[in-house]
Structure formats: structure tokens, C-alpha cells
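Taken in order, these protein sequences are the chains called A and B. In this text, residue positions in the first sequence follow numbering that gives the first Met the number 0: the first is 0, and each later residue adds one. In this text, residue positions in the second sequence follow numbering that gives the first Met the number 0: the first is 0, and each later residue adds one. Yeah, the Cβ is synthetic: ideal placement off N, Cα and C, and Gly gets one too.
2 protein chains.
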Amino acid sequence: MKLDARKQKVLEAIVIDYIATAEPVGSRTIARKYNLGVSPATIRNEMADLEEMGLIEQPHTSAGRIPSDTGYRYYVDCLMKRAIIAEEVQALIERAFQTKIKQLEDLIQIVGKVLSQITNYTALVLAPQIGKSTLQLIQLMLIEPGKALVVIVTDSGRIENKVLEIPENLTKEDLELVSKILNDKFKGISLNEWKQIMLRDLYSQLITQKKVLTLILELIDTILTVDNEDKVYLGGTLNILNQPEFKDVTKVRNLFELLEKEDVLRELLKDNSGDEVTVRIGTENKYEVMQDCSIITATYRLNGEVIGTIGVLGPTRMHYSKAVSIVEYLTQVLSLSIKKL
Amino acid sequence: MKLDARKQKVLEAIVIDYIATAEPVGSRTIARKYNLGVSPATIRNEMADLEEMGLIEQPHTSAGRIPSDTGYRYYVDCLMKRAIIAEEVQALIERAFQTKIKQLEDLIQIVGKVLSQITNYTALVLAPQIGKSTLQLIQLMLIEPGKALVVIVTDSGRIENKVLEIPENLTKEDLELVSKILNDKFKGISLNEWKQIMLRDLYSQLITQKKVLTLILELIDTILTVDNEDKVYLGGTLNILNQPEFKDVTKVRNLFELLEKEDVLRELLKDNSGDEVTVRIGTENKYEVMQDCSIITATYRLNGEVIGTIGVLGPTRMHYSKAVSIVEYLTQVLSLSIKKL
DNA sequence: ATTTAGCACTCAATTGGGGAGAGTGCTAAC
DNA sequence: GTTAGCACTCTCCCCAATTGAGTGCTAAAT
């Protein structure tokens with residue numbers, strides 16, 4: 000879709016003004032506020048064209064125009080410039096990352112909090128997949144006969160613990176032995192690779208201690224299946240209530256219900272199309288209750304490999320340039336911080 | 000406050016009807032639905048008296064009456080009978096508790112979920128104070144030089160982990176030694192008692208290994224100060240949106256903001272006046288945004304000692320008899336389940 | 001060939017009655 | 001003490017009229 004310079008300016012004005020005011024934008028307003036050097040009548044003509052192209056629409060005949068989803072799309076793809084992040088915002092972020100961060104979870108939380116706070120939208124953070132990260136420490140402990148606690152620490156700083164049922168006759172010493180073997184064998188290896196290695200290699204070594212073999216099998220299974228789901232952090236949910244488009248409680252309700260489902264959040268964050276910041280606008284979202292929301296996502300990395308995603312969720316009438324800038328910036332800061340961890 | 004039998008009946012009718020319909024109750028309605036054997040006119044006279052006593056009020060001149068907070072209070076204290084818990088509800092609860100529960104956290108979550116689901120209000124659960132429960136297992140592990148992981152398991156099934164900074168020169172063996180000493184010394188002793196014992200007893204034993212002493216001091220401090228706050232589970236928050244009194248978004252917003260603060264929740268649950276089920280109605284709550292909410296709380300126990308609280312939060316126009324019954328019932332089930340754990 | 005001024009037109013939002021309905025309080029009779 | 005009757009007071013809802021913002025079209029101006 001090609002637009003001449005003036006049409007672009009008009010579209011941009013409509014998008015920007017509507018984002019700011021949440022009111023349909025009329026030709027007069029544009030002429031007054033965004034000096035394009037032409038009269039309202041001219042702008043009206045341009046607007047009629049833009050509407051025909053499907054970039055803007057009219058809520059009703061005697062109202063101004065609002066951007067359609069494709070209008071926002073055009074704006075985001077072609078017109079929008081990255082907003083410059085204000086000094087004080089950068090300072091705020093820096094300060095937030097200077098608090099003591101010992102675990103991955105702390106980091107995730109901080110990012111989420113900062114992101115929602117700065118953007119005034121809802122923040123989503125997807126923590127690194129445990130399967131991808133490598134093992135740093137695994138330890139089995141006996142809580143009481145028949146019950147063991149397993150703790151796993153990964154290189155990305157994630158800590159997981161889980162209670163396991165074990166055969167009653169296993170002793171503390173057995174568990175320590177198993178811990179030792181697992182540590183020796185698997186340190187530095189990604190959890191996803193375990194299964195293969197385990198079957199090939201471990202079996203021979205452990206056949207001597209048959210009774211612990213079953214335990215290990217169950218253990219690995221537990222870790223890899225149940226807890227291989229990524230943690231999602233959700234923050235600033237209440238920011239949604241600031242938006243005039245959500246003054247209707249049932250709408251809020253529907254959206255909140257969706258956001259309560261972790262797997263939905265995971266999915267939202269995961270279909271990030273790749274390298275770049277991804278923006279998903281209105282009806283581009285597959286969930287119906289989210290069709291007047293937009294999501295901006297971007298990935299962060301460890302050693303060059305993508306390990307997680309962060310994003311913000313706001314109304315379609317979202318401050319895209321600002322939000323995109325901040326999301327992008329925070330992935331960088333986050334990538335760096337994880338490396339330090 | 001003394002009320003004759005008929006006034007009681009009228010008040011009860013108003014409360015029950017208003018709870019069910021959320022509409023002011025008129026004299027005709029009462030005469031028709033709750034056959035007191037008298038005409039609307041008589042009921043009107045009674046209602047005038049009740050209003051003078053402050054038990055009911057009129058939203059405006061030509062409307063029916065609604066209970067005032069003191070009206071609800073009278074109802075709860077004097078008129079209300081425990082609702083009988085339906086068979087299918089009991090069955091539902093039983094089924095919920097039959098899922099495998101390995102950790103305290105699982106249990107807390109299940110209770111919260113069940114409670115909010117059954118009552119259709121918001122559920123609050125306060126997990127046992129870690130300081131009160133006794134130590135079952137403590138283990139220190141070296142993650143990397145200068146960084147250790149400490150895991151604590153208490154008798155109530157609670158599991159806590161925490162990353163500690165330690166002197167660089169401490170080895171894996173040092174940590175194991177410390178773990179062993181701590182386990183031997185403290186097993187079965189409540190965490191609150193640690194500090195005293197530690198100073199008196201441990202010091203002499205550890206003076207030989209000076210370098211670990213500092214560690215332990217820090218460790219104990221960390222555990223007792225930072226993590227001594229109780230975990231609070233909050234569930235069914237969205238149920239609030241079902242209530243017609245919360246069709247206004249700003250009201251919702253205010254309440255939700257309050258509920259996001261863990262310490263507020265903790266406080267709400269903690270000022271439970273003692274043994275009995277406690278009901279706090281409307282303005283009896285100290286937070287302004289909660290002045291058209293009521294909270295019902297009750298405590299649960301382990302070995303006769305109170306270790307936590309559960310509660311539901313709903314509108315003042317709450318189904319008290321049902322809610323009280325269920326809260327009470329669930330504390331019993333919960334106490335039992337914890338014992339098993 | 002654009003651009004602009006002017007004007008008629010449309011539609012949502014607001015305003016202001018005018019019942020209808022629900023419920024009350026009071027009075028007088030039972 | 002209870003009840004029937006009745007006037008009175010509100011809210012709620014519907015309807016019509018008005019207002020105001022904004023448009024589209026046409027004809028004139030550049």
C-alpha cells in the first residue's frame with residue numbers, strides 16, 4: 000500500500016491524536032493541532048480516501064475518524080519512529096537493576112514490574128525454559144522415609160524444587176549417592192539432553208544399584224514433563240483498568256479470565272515471530288476477548304541464544320512508539336543482567 | 000439491643016431477600032414472600048421502628064429498605080443459623096483433597112481454589128508462619144564459589160529456598176558440615192527458638208570452625224527476618240466482578256489495588272479475634288475501599304495450636320450463613336489434612 | 001487541477017418533561 | 001394492635017426537542 004506524503008501525515012495525525020485522547024479525530028482538529036498547511040476541507044478529502052483504503056473508520060456518520068487495525072499496522076510498520084527513552088526512565092531502569100539479584104526469579108519480577116510501571120500497560124515476562132538451560136546443581140534429600148526433596152539449580156539461575164515419592168527403603172545415603180552421580184554426569188548439560196544420555200549411559204552405571212534406578216527414572220520424568228513449562232510473570236494487570244475502553248466490567252472480566260490462564264500467556268509470548276520486536280494488533284490476536292488489545296513482544300538472549308520473551312499488553316489504542324522502544328531496551332538490559340548472573 | 004419476635008422476622012426477611020436480589024425490599028414483598036401473617040401496613044410500622052434503631056435504611060424515600068451494617072451484624076450474631084452444606088459440595092471438597100498433596104503449598108492452593116469456587120467469593124488463605132513450625136530438614140549447597148543455596152523443610156510441609164552470599168573460601172564440605180550440625184541441633188525445634196539456642200549452644204561448638212560461624216549467623220538472620228512473613232494465597236478475585244455492587248470500574252480498581260498488597264491481606268486475615276469464625280462487616284473494616292465488603296475468617300490448627308487462617312471476602316450483601324458454614328467446615332478439613340502431611 | 005469556503009445533512013449526546021410504578025407515611029376505621 | 005385507604009415522593013424509563021460535532025458535496029477561488 001502506497002500513500003503520498005500528505006496522506007501519511009494525516010494518518011499519522013489521526014493515530015497519534017486518537018492514542019492521546021481516545022476520541023475520534025475530526026478534520027478541524029487535525030488542521031488546528033498538526034499544522035499541515037491545508038484547510039479542514041482538504042483533510043476531509045484525504046480522510047475519505049484513507050477510509051476507502053480501510054486505514055481509518057468512522058464510529059458513526061457524524062463522528063471523527065479512528066484508526067482501523069490495518070491503520071495501526073501501517074503506522075507501526077511505516078510511520079512510527081522509535082521514541083527516545085527519557086533520561087529519567089533510563090535512570091529508573093538502571094536503579095531497578097541495581098538491587099541485589101540473586102535468583103533468576105528476582106530478575107524476572109523486576110523486569111515485569113519496571114516494564115508495567117513505565118509503560119502503564121500490563122507486562123508479561125516469560126522466564127527461560129528450564130529444559131534449555133544447563134544443570135548447575137542437583138541435590139536429592141530425604142525428608143522422611145518414602146519422601147524425598149529434589150532441588151535443581153540451572154545456569155540461568157533458576158531454582159526448582161519438587162517433592163518426590165520414593166521407595167520406603169531408600170536411605171539418605173542412597174540419595175546422596177544418586178545426587179553425586181547425577182551431578183557428575185549432567186553438570187553443564189542441558190536438561191533436554193538428559194533423556195538420551197540417561198538411557199545410554201547411566202543405565203550401565205546404575206544397574207548395580209537397581210533400587211535407585213526406578214527413582215531416577217521417575218525423577219527425570221517429573222522434572223522434564225511437569226516442570227518443563229516456563230514460568231510466566233504477569234504484572235500491572237490493573238493498568239488495564241485505566242483505559243477508557245475497559246470501563247465495562249464484563250469486558251474486564253473476560254480479559255482477566257484469559258490472563259489467569261498461564262498457558263494462554265505462554266502462548267501469547269511464544270508466537271513471537273523471531274528476531275525483531277513483534278507487534279500484534281487487535282484482530283491479529285487469536286483470542287476474541289483480546290481483539291481490542293495489542294501485544295508487543297521481544298526476546299532476550301543468553302550467549303546468543305533466545306531464552307525468553309518479554310512483552311506488554313495494552314489497548315489497540317496503545318502508545319506504540321514508546322512501548323516498542325521500552326520493550327526493546329529492556330530486552331537488552333535483561334540479556335546483559337542474565338549474563339552477569 | 001432487644002427485638003421482639005416479629006421485628007426479628009422482618010429484619011431477617013429483609014436481610015435474606017436483599018442478599019438474594021440486591022434490590023431494596025418493600026413491605027409488600029415481605030408480606031407476600033415471607034408469610035408472617037400480617038399485612039404490609041403492619042410490616043411498614045415495624046420497618047419504621049427498625050429504621051429508627053439503625054438496623055435498616057432507605058436508599059431514598061420511595062424505595063424499600065436495605066440492611067445497614069449494624070443490621071447485618073444483628074443478623075449474623077442473633078438470627079443467622081449455619082447453613083447445611085449440601086452433599087455434593089461436601090463431595091466436591093473431599094474430591095479436591097484427594098488429589099496428591101505433597102507440599103504445604105499444594106494444600107494451600109487447593110483450599111483457596113475450593114473455597115472461592117464454592118462460595119463464589121474471593122478466597123484468602125494464610126499459610127502457617129514458618130517461625131512457628133519446626134525444622135524437619137535444612138541443607139546448604141554450594142552453587143558456585145561465594146554463592147550457596149539453602150533449603151528448609153518444616154514439619155508443616157513448607158519448603159523454602161534462598162540463595163546466600165557466602166565467603167568465597169567456603170567449600171562444599173564446609174557447607175555439608177554446617178548442614179549436618181544444623182540438622183542435628185535443630186531438628187524438631189521451632190524456627191523462632193533458633194536464635195536463643197544458637198547463641199548459647201552453637202557458638203561453643205562452632206568456634207572451632209570460625210569461618211563458618213559468620214555464615215550461620217547470616218543464614219539464621221536471613222531465614223528469620225526476610226522469610227518469616229507468611230505466604231498468602233488469594234484466589235477467585237474475579238468473583239468480585241460478579242457482584243452488582245462492583246459494576247463500577249474505579250471501585251473494582253481500588254479494591255484490587257488493595258488486594259495486591261500482600262501485607263494488607265496478611266493483616267486482614269490476622270486480626271481474627273480468636274477461636275471462633277470471625278465476621279467483619281462493611282465499615283467494621285479499617286480500609287476505606289473495603290467498606291462495602293465483608294470478610295469471614297477462621298483459623299486452622301496443627302496439634303491444637305493455631306497455625307493459619309482462611310477467609311472469604313465478598314460484598315456486605317454476602318450470603319453469610321452459607322459462607323460461614325463453608326469457611327468453618329474447610330478449616331476442619333484443612334487441619335486434618337495438614338496433620339496427615 | 002487543487003484547494004477552499006459554504007452549506008445542508010446526519011447522528012450521538014444531552015436535556016427536559018410526563019407518565020408509570022414502587023413504596024412509603026399517615027389517618028381513620030376495624 | 002392491626003389494617004385498609006389514600007395522598008405523596010421518588011426513581012426509572014420513554015419520548016421529543018435541541019445542541020453540537022463532524023461530514024460530504026458543490027461551487028468558487030487559486
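{"Check": "Simplified DSSP state of residue 225 of chain A, which is helix, strand or coil", "Outcome": "Reliability of the predicted coordinates at residue 225 of chain A is poor, the pLDDT of 49 falling under 50, and the value obtained from them is presented with this limitation in mind. Residue 225 of chain A: helix per DSSP, three-state reduction."}
{"Check": "Closer than 9 Å to chain B by CB, residue 279 of chain A", "Outcome": "no"}
{"Check": "Own chain, CB closer than 8 Å to residue 319 of chain B, minus 5 neighbours either side, in chain order", "Outcome": "18, 71, 74, 75, 79, 278, 293 and 295"}
{"Check": "Cβ pair count under 8 Å reaching 3, the segment 101-109 of chain B against the segment 152-159 of chain B", "Outcome": "yes"}
{"Check": "Candidates B:41, B:256, B:306 and B:169: closest to residue 234 of chain A by CA position", "Outcome": "B:256"}
{"Check": "Endpoints, beta strand (DSSP E) assigned at residue 242 of chain B", "Outcome": "Neither: residue 242 of chain B is in no beta strand (DSSP E) and is coded neither H nor E."}
{"Check": "Residue 189 of chain A and residue 134 of chain A closer than 9 Å at C-beta", "Outcome": "yes"}
{"Check": "Buried versus exposed, by CB contacts within 10 Å (16 or more), residue 34 of chain B", "Outcome": "exposed"}
{"Check": "Integer-rounded CB distance, given that residue 122 of chain B should sit under 8 Å from residue 311 of chain B", "Outcome": "6 Å"}
{"Check": "Nearest neighbour of residue 253 of chain A, chosen from A:290, A:271 and A:266 [CA to CA]", "Outcome": "A:290"}
{"Check": "Cutoff 9 Å: residue 413 of chain B Cβ touching any chain A Cβ", "Outcome": "This structure cannot settle anything about residue 413 of chain B, because the visible part of chain B is limited to 0 through 340."}
{"Check": "Residue interval of the beta strand (DSSP E) (run including residue 120 of chain B)", "Outcome": "Premise fails: residue 120 of chain B is in no beta strand (DSSP E) and is neither H nor E."}
{"Check": "Opposing strand residues paired with residue 304 of chain A [DSSP bridges]", "Outcome": "A:301"}
{"Check": "Interface positions of the segment 100-115 of chain A facing chain B (Cβ-Cβ less than 7 Å), listed along the chain", "Outcome": "101 and 102"}
{"Check": "Helix, strand or coil at residue 37 of chain A according to DSSP, with G and I counted as helix", "Outcome": "coil"}
{"Check": "Run of the alpha helix (DSSP H) containing residue 18 of chain A, from where it starts to where it stops", "Outcome": "4-20"}
{"Check": "For residue 0 of chain B, three-class secondary structure by DSSP", "Outcome": "coil"}
{"Check": "Residue burial classification, residue 322 of chain B (beta-carbon count within 10 angstroms, cutoff 16)", "Outcome": "buried"}
{"Check": "Distance between residue 92 of chain A and residue 113 of chain A (C-alpha atoms, nearest Å)", "Outcome": "7 Å"}
{"Check": "Own chain partners of residue 317 of chain A with C-beta closer than 6 Å, once the 5 adjacent residues on each side are dropped", "Outcome": "293"}
{"Check": "9 Å Cβ cutoff, residue 142 of chain B in contact with chain A", "Outcome": "yes"}
{"Check": "Residue range of the alpha helix (DSSP H) that includes residue 71 of chain B", "Outcome": "68-73"}
{"Check": "Residue closest to residue 136 of chain B, alpha-carbon to alpha-carbon, out of B:183, B:9 and B:164", "Outcome": "B:183"}
{"Check": "Nearest candidate by alpha-carbon position, reference residue 165 of chain B, set B:180, B:151, B:144 and B:179", "Outcome": "B:144"}
{"Check": "Supposed contact pair residue 56 of chain A and residue 42 of chain A - C-beta distance, whole angstroms, cut 8 Å", "Outcome": "Residue 42 of chain A to residue 56 of chain A, Cβ: 16 Å. No contact."}
{"Check": "Residue 29 of chain B in three-state terms, based on DSSP", "Outcome": "helix"}
{"Check": "Residue 265 of chain B (DSSP reduced to helix, strand or coil)", "Outcome": "helix"}
{"Check": "Any C-beta of chain B under 9 Å from that of residue 180 of chain A", "Outcome": "no"}
{"Check": "Beta-carbon proximity check, residue 30 of chain A vs residue 39 of chain A, cutoff 9 Å", "Outcome": "yes"}
{"Check": "CB contact below 9 Å: residue 246 of chain B versus chain A", "Outcome": "yes"}
{"Check": "Residue 0 of chain B versus B:178, B:267, B:118 and B:49, residue with shortest Cα-Cα distance", "Outcome": "B:49"}
{"Check": "beta-carbon residue 143 of chain B near the ligand ADP non-hydrogen atom, thresh 8 Å", "Outcome": "As presented, the structure is devoid of all ligands, the ligand ADP included, so that no description of it is given."}
{"Check": "Nearest to residue 301 of chain A (by Cα), restricted to the options A:336, A:191, A:8 and A:327", "Outcome": "A:336"}
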